[in-house]
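A.B. asks: Protein chains in written order, with the numbering used here: chain R, 24 to 384; chain C, 24 to 384. Just so it is clear, CB atoms sit at the ideal spot from N, CA and C, and this is done for glycine as well. Input: one structure, supplied below.
Number of protein chains: 2
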Amino acid sequence: MVYPDTFKGFQIEDPKHWTEFKLNELKPKPFGDYDVDIKIQACGVCASDLHTVSGGWGEQHFPLCVGHEIVGTALRVGPKVTLIKPGERVGVGAQSYSCLKCKQCKNDNETYCVHQLDTYGAVWPDTGIVSQGGYSTHVRTHEHWVFPIPAGLATNKAAPMLCAGLTAYSPLVRNGAGPGKKVGIVGMGGIGHFGLLFSKALGAETWVISRTHSKEADAKKMGADGFLATADKDWNVPHKMTFDLIINTASSTENFDLAAYLSLLDVHGRWISVGLPEGSGQEVKAQDFLSNGCLIGASHLGSRKEVLAMLKLAEEKGIESWVEEIPISAEGLKTALTRLHNNNVRYRFTLTDYDKCFGTE
Amino acid sequence: MVYPDTFKGFQIEDPKHWTEFKLNELKPKPFGDYDVDIKIQACGVCASDLHTVSGGWGEQHFPLCVGHEIVGTALRVGPKVTLIKPGERVGVGAQSYSCLKCKQCKNDNETYCVHQLDTYGAVWPDTGIVSQGGYSTHVRTHEHWVFPIPAGLATNKAAPMLCAGLTAYSPLVRNGAGPGKKVGIVGMGGIGHFGLLFSKALGAETWVISRTHSKEADAKKMGADGFLATADKDWNVPHKMTFDLIINTASSTENFDLAAYLSLLDVHGRWISVGLPEGSGQEVKAQDFLSNGCLIGASHLGSRKEVLAMLKLAEEKGIESWVEEIPISAEGLKTALTRLHNNNVRYRFTLTDYDKCFGTE
């Protein structure tokens with residue numbers, strides 16, 4: 024069996040062996056009226072992929088093919104598709120379904136639809152088929168979650184924008200990042216470096232907040248207006264009540280002195296977390312919020328409209344993701360996941376050379 | 024020594040004996056150019072008073088006279104006072120000083136000025152004098168924190184608005200409570216009942232969320248559109264993602280299932296705490312915020328502008344605080360504090376009959 028009946032992809036079969044990828048046949052869901060089949064050309068490697076295959080986020084439907092920062096070519100489109108044309112270069116991110124009928128969906132909050140399904144690891148309610156991600160030959164996705172990639176963006180640089188980029192971009196625009204605002208980006212990894220790039224592109228004064236100074240030079244190259252290292256003594260003191268918005272991309276809550284970070288916020292400033300750390304949470308006290316009336320919250324991906332606006336902004340401003348390319352293969356995936364696990368990536372891996380691995384059909 | 028050299032008030036001398044009030048002479052700070060001396064007629068009894076005298080909020084400057092929901096008559100005003108005239112009926116709340124020069128002060132966020140001082144228990148930096156509250160004959164207060172009481176409001180009903188009312192009103196208006204919005208008020212005590220009254224007056228659909236149904240009839244009388252009792256099985260399930268704003272007035276975090284409350288919020292809805300519970304905080308997880316991208320925060324009192332707007336709204340809409348009156352005396356204070364400690368008050372005590380206790384001078 025071959026496409027369009029089956030796809031092929033690298034799956035993890037057991038979280039105990041989360042670096043051992045097997046090339047298996049994948050059974051896609053039936054081709055629907057609004058579906059787009061995409062021949063994949065590149066895929067970013069997201070921390071979600073690691074949390075998922077290693078079991079850090081709990082039980083999953085193994086065997087599983089992860090990857091949700093997908094760029095490829097639209098091969099064919101369903102009879103009711105109007106948003107995508109065959110042959111177009113398109114992207115798919117971390118979400119692949121919502122009802123499109125509820126209040127959330129109608130308000131560009133489809134991310135928060137209670138029927139939302141993830142690009143991989145979700146069970147399609149009608150067929151029981153488990154969705155499979157982009158470490159594979161193809162994806163089949165409803166047009167609403169398929170995004171034309173502007174001509175000015177390179178495939179390998181656009182791919183990580185579809186999850187990491189959007190995850191940073193949406194809370195920036197939803198919380199007013201722009202001229203006259205001071206934004207902090209906590210954690211300079213895949214999402215964090217996009218937070219810096221997009222916050223600057225939106226016109227906000229942007230500071231990076233990291234544990235050490237090791238990434239300061241890179242941050243400055245990306246346009247950071249300032250850099251705080253939390254290992255420095257009294258690092259927060261001179262900057263109290265000066266930030267309007269802080270996007271927290273840290274993926275761990277260990278030894279995290281939240282109160283020190285919150286003290287940076289101006290009155291009613293906001294701390295928005297976009298990471299989903301493994302393990303337990305952290306203690307908060309009403310006192311931590313009282314000196315500035317700040318707010319903490321979280322943000323989950325973003326809307327189709329925001330994806331399109333983000334890609335347009337990236338093209339217009341010439342935003343260049345900082346990626347390291349790794350040709351896709353079982354060995355390449357092992358390298359990528361292992362290095363990601365060791366925080367050894369600046370700042371995102373994009374898997375490439377899909378045709379070499381899988382052929383051109 | 025008598026007024027204006029000294030005031031008289033009921034002080035607690037030792038938090039171990041927090042119901043034993045002693046009538047002592049109080050030394051006021053020197054009369055400043057912007058100060059107003061007020062002969063007190065009534066004072067609300069705030070949970071802060073209890074937390075303070077009983078040691079629940081930690082070390083205090085004893086002996087201490089508490090009380091910060093003060094209504095009285097302006098006796099004399101300093102040479103630079105323009106906002107208050109002698110003879111006016113005026114109120115004083117929980118804050119009595121800020122610099123009035125910083126960014127926060129200039130943006131109607133004087134509550135968050137780093138130089139802010141409380142009406143009682145604060146040390147005046149220039150003299151070392153400890154500020155004393157309204158269980159007393161007089162207060163001396165900078166005009167910015169002295170508020171004319173509209174003629175349509177009864178003294179005993181206006182008093183508790185000056186802390187409890189404002190504490191509820193400010194986060195309502197700052198977070199958009201009004202027509203078309205659905206607001207929840209958690210906890211129906213002194214602050215909570217004002218939350219309900221003001222949220223309704225602002226035009227929002229307003230629900231009360233309480234542990235049991237014991238206060239449901241009262242809530243309905245005050246205009247509540249709905250009532251949820253968290254002791255009921257699956258109390259939150261039918262109401263998920265329907266609230267825009269929840270004001271949390273609960274003064275305890277024990278057995279508090281925050282995630283269940285947060286599930287009530289619509290996308291980017293806000294949970295604003297105004298209580299300051301004793302003891303430790305509570306654990307939050309990024310997961311608790313992800314299904315709706317909600318925010319949690321806190322609010323501290325409100326601005327002068329908000330006090331004046333609140334009092335105007337209360338007069339216009341005929342808002343009646345639900346108060347129980349207790350004539351001020353050592354015995355009356357013991358009764359009030361003990362009953363408050365036992366949550367046995369519907370919904371606020373106002374201390375009255377000051378002239379009977381202290382005389383008319």
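Mind checking who Ala65(R) pairs with in its DSSP beta bridge?
C.D. replies: As a position in the first sequence, residue 65(R) is number 42, starting the count at 1. Its beta-bridge partners are Val94(R).
A.B. asks: Please report how far the alpha carbon of Tyr192(C) lies from the alpha carbon of Gly325(C), in whole angstroms.
C.D. replies: Taking the first residue of the second sequence as position 1, residue 192(C) is located at position 169. Taking the first residue of the second sequence as position 1, residue 325(C) is located at position 302. If I take the Cα positions, the gap works out to 8 Å.
A.B. asks: Does the Cβ of Tyr236(C) have 16 or more other Cβ atoms within 10 Å, making it buried, or fewer, making it exposed?
C.D. replies: Here residue 236(C) corresponds to residue number 213 of the second sequence, with the count starting at 1. Reading off the sequence, residue 236(C) comes out as His, not Tyr. With fewer than 16 other Cβ atoms within 10 Å, it is exposed.
A.B. asks: Quick check on the burial criterion: 16 or more other C-beta atoms within 10 angstroms. Buried or exposed for Glu329(R)?
C.D. replies: Counting from 1 along the first sequence, the entry for residue 329(R) is found at position 306. Glu329(R) is buried by the Cβ-count criterion.
A.B. asks: Under the three-state reduction of DSSP, which class applies to Leu360(R): helix, strand or coil?
C.D. replies: For the purposes of this step, residue 360(R) is identified with residue 337 of the first sequence, where counting begins at 1. Looking at Leu360(R) - three-state DSSP - the assignment turns out to be helix.
A.B. asks: Does Arg293(C) have its Cβ less than 8 Å from a Cβ in chain R?
C.D. replies: To locate residue 293(C), count along the second sequence from 1; it is residue 270. It does: the Cβ of Arg293(C) has a partner Cβ on chain R nearer than 8 Å.
A.B. asks: To the nearest angstrom, how far is it from the Cα of Val113(C) to the Cα of Lys357(C)?
C.D. replies: Your numbering for residue 113(C) matches position 90 in the second sequence. Your numbering for residue 357(C) matches position 334 in the second sequence. Rounded to whole angstroms, Val113(C) to Lys357(C) spans 26 Å at the Cα level.
A.B. asks: How far does the beta strand (DSSP E) with Asn47(R) in it extend, from its first residue to its last?
C.D. replies: What you label residue 47(R) is simply residue 24 of the first sequence in a count that begins at 1. That run of the beta strand (DSSP E) goes 44-49.
A.B. asks: Under the DSSP definition of a beta bridge, which residues are partnered with Ile319(R)?
C.D. replies: If you number the first sequence from 1, residue 319(R) lands on position 296. Answer is Trp294(R), Ile319(C), bridged to Ile319(R).
A.B. asks: Span of the alpha helix (DSSP H) holding Leu374(C)?
C.D. replies: On the second sequence, position 351 is the one that residue 374(C) refers to. First-last for Leu374(C): 371-375, but that is the beta strand (DSSP E), not the alpha helix (DSSP H).
A.B. asks: Between which residues of its own chain and Gly116(R) is the CB-CB distance below 8 Å, once the five residues before and five after are set aside?
C.D. replies: Here the question's residue 116(R) lines up with position 93 in the first sequence. His91, Glu92, Ile93, Thr142, Trp168, Phe170, Leu185, Cys186, Leu189, Leu324, Val330.
A.B. asks: Using only CA atoms, which one of Ser233(C), Gln64(C), Arg234(C), Pro202(C) lies nearest to Phe221(C)?
C.D. replies: Numbered from its first residue, the second sequence carries residue 221(C) at position 198. Of the candidates Ser233(C), Gln64(C), Arg234(C), Pro202(C), the one whose C-alpha sits nearest the C-alpha of Phe221(C) is Pro202(C).
A.B. asks: Please determine, among Met245(R), Ile295(R), Lys244(R), the residue with the shortest C-alpha to C-alpha distance to Phe266(R).
C.D. replies: Mapped onto the first sequence, residue 266(R) falls at position 243. Comparing Cα positions, the closest option is Ile295(R).
A.B. asks: Note down, one range per segment and in chain order, each beta strand (DSSP E) of at least 3 residues found wholly within the segment 189-258 of chain R.
C.D. replies: You should have 205-209, 228-233, 249-252.
A.B. asks: So, under 8 Å CB-CB, Lys62(C) and Thr160(C) are touching, yes? Tell me the CB distance rounded to an integer number of Å.
C.D. replies: Here residue 62(C) corresponds to residue number 39 of the second sequence, with the count starting at 1. Here residue 160(C) corresponds to residue number 137 of the second sequence, with the count starting at 1. 7 Å between Cβ atoms; contact.
A.B. asks: Under the assumption that Val290(C) contacts Gly316(C) (Cβ atoms under 8 Å), give the Cβ distance between them as a whole number of angstroms.
C.D. replies: For the purposes of this step, residue 290(C) is taken as the residue at position 267 of the second sequence. For the purposes of this step, residue 316(C) is taken as the residue at position 293 of the second sequence. Rounded, the Cβ-Cβ distance is 6 Å, consistent with contact.
A.B. asks: Considering only C-alpha positions, which residue in the set Lys126(C), Thr29(C), Asn130(C), Cys136(C) is nearest to Gln118(C)?
C.D. replies: Position 95 of the second sequence holds residue 118(C). Measuring from the Cα of Gln118(C), the nearest candidate turns out to be Cys136(C).
A.B. asks: List the residues of chain C whose Cβ lies closer than 7 Å to the Cβ of Val307(R), in chain order.
C.D. replies: For the purposes of this step, residue 307(R) is identified with residue 284 of the first sequence, where counting begins at 1. The contacting residues are Gly304, Gln305, Val307.
A.B. asks: From the DSSP output, in three-state form, read off Lys6(R) for me.
C.D. replies: The structure shown has nothing for residue 6(R), since chain R only spans 24 to 384.
A.B. asks: Which stretch, first to last residue, makes up the beta strand (DSSP E) that contains Leu268(R)?
C.D. replies: Here residue 268(R) refers to the residue found at position 245 when the first sequence is read from its first residue. Note, Leu268(R): beta strand (DSSP E), 266-271.
A.B. asks: Which residues, taken in chain order from the segment 130-151 of chain R, show a beta carbon closer than 9 Å to some beta carbon of chain C?
C.D. replies: Result list: Asn130, Asn132, Thr134, Tyr135, Val137.
A.B. asks: Is the CB of His323(R) under 8 Å away from at least one CB in chain C?
C.D. replies: For the purposes of this step, residue 323(R) is taken as residue 300 along the first sequence, with counting starting at 1. Interface residue, yes.
A.B. asks: Exposed or buried, what is Ser275(R) when buried is set at 16 or more other beta-carbons lying within 10 Å of its beta-carbon?
C.D. replies: Translated into the one-based positions of the first sequence, residue 275(R) becomes position 252. Counting Cβ neighbours within 10 Å, Ser275(R) comes out exposed, since fewer than 16 surround it.
A.B. asks: Roughly how many angstroms separate the alpha carbons of Asn271(C) and Gly210(C), rounded to a whole number?
C.D. replies: As a position in the second sequence, residue 271(C) is number 248, starting the count at 1. As a position in the second sequence, residue 210(C) is number 187, starting the count at 1. Asn271(C) and Gly210(C): Cα-Cα distance of roughly 7 Å.
A.B. asks: Which residues in the same chain have their Cβ closer than 6 Å to the Cβ of Ile208(R), if we skip the five residues on either side of it in sequence?
C.D. replies: Here residue 208(R) is taken as the residue at index 185 of the first sequence, counted from 1. For Ile208(R), where only same-chain residues beyond five positions count, the Cβ hits under 6 Å are Gly215, Gly218, Leu219, Val231, Ile270.
A.B. asks: Shorter than 8 Å from the beta carbon of Gly199(R) to some beta carbon of chain C?
C.D. replies: Taking the first sequence and counting its residues from 1, the one referred to as residue 199(R) is at position 176. No, because no Cβ of chain C sits closer than 8 Å to the Cβ of Gly199(R).
A.B. asks: In terms of residue numbering, what span does the alpha helix (DSSP H) encompassing Val146(R) cover?
C.D. replies: Numbered from its first residue, the first sequence carries residue 146(R) at position 123. Run containing Val146(R): none; DSSP gives neither H nor E here.
A.B. asks: Can you tell which of Thr229(C), Ala254(C), Glu338(C) has its C-alpha closest to the C-alpha of Ala242(C)?
C.D. replies: In the second sequence, counting from the first residue as 1, residue 242(C) sits at position 219. Taking only the C-alpha atoms, the option nearest Ala242(C) is Thr229(C).
A.B. asks: Evaluate Cys69(C) with the Cβ neighbour count: other Cβ atoms within 10 Å of its Cβ, from every protein chain shown; 16 or more gives buried, anything less gives exposed.
C.D. replies: Here residue 69(C) is taken as the residue at index 46 of the second sequence, counted from 1. By the neighbour-count rule (16 or more Cβ atoms within 10 Å), Cys69(C) is buried.
A.B. asks: What separation, rounded to the nearest whole angstrom, lies between the Cα atoms of Pro38(C) and Asp72(C)?
C.D. replies: In the second sequence, counting from the first residue as 1, residue 38(C) sits at position 15. In the second sequence, counting from the first residue as 1, residue 72(C) sits at position 49. Distance between the alpha carbons of Pro38(C) and Asp72(C) is about 12 Å.
A.B. asks: With Glu348(R) and Thr373(R) assumed to form a contact (beta carbons below 8 Å), what rounded beta-carbon distance in angstroms separates them?
C.D. replies: The residue given as residue 348(R) occupies position 325 in the first sequence. The residue given as residue 373(R) occupies position 350 in the first sequence. Contact holds; Cβ gap of about 5 Å.
A.B. asks: Need the endpoints of the alpha helix (DSSP H) that Gln127(R) sits in, please.
C.D. replies: Residue 127(R) sits at position 104 when you count from the first residue of the first sequence. Gln127(R) -> alpha helix (DSSP H) spans 126-129.
A.B. asks: Cβ atoms of Leu46(R) and Gln155(R): under 8 Å apart, would you say?
C.D. replies: As a position in the first sequence, residue 155(R) is number 132, starting the count at 1. As a position in the first sequence, residue 46(R) is number 23, starting the count at 1. No, Cβ-Cβ distance for Gln155(R) and Leu46(R) is not below 8 Å.
A.B. asks: Please list the terminal residues of the continuous alpha helix (DSSP H) segment that includes Gln310(R).
C.D. replies: Counting from 1 along the first sequence, the entry for residue 310(R) is found at position 287. Looking at the DSSP string, the run of the alpha helix (DSSP H) that includes Gln310(R) is 310-313.
A.B. asks: Residues of chain C with a CB under 9 Å from the CB of Cys66(R): which are they?
C.D. replies: Taking the first residue of the first sequence as position 1, residue 66(R) is located at position 43. Those within 9 Å of Cys66(R) in chain C number zero; the least Cβ separation is about 23 Å.
A.B. asks: Name the chain R residues whose beta carbon is nearer than 9 Å to that of Asn278(C)?
C.D. replies: Taking the first residue of the second sequence as position 1, residue 278(C) is located at position 255. The premise fails here: Asn278(C) is roughly 16 Å from chain R at the closest Cβ pair, so nothing lies under 9 Å.
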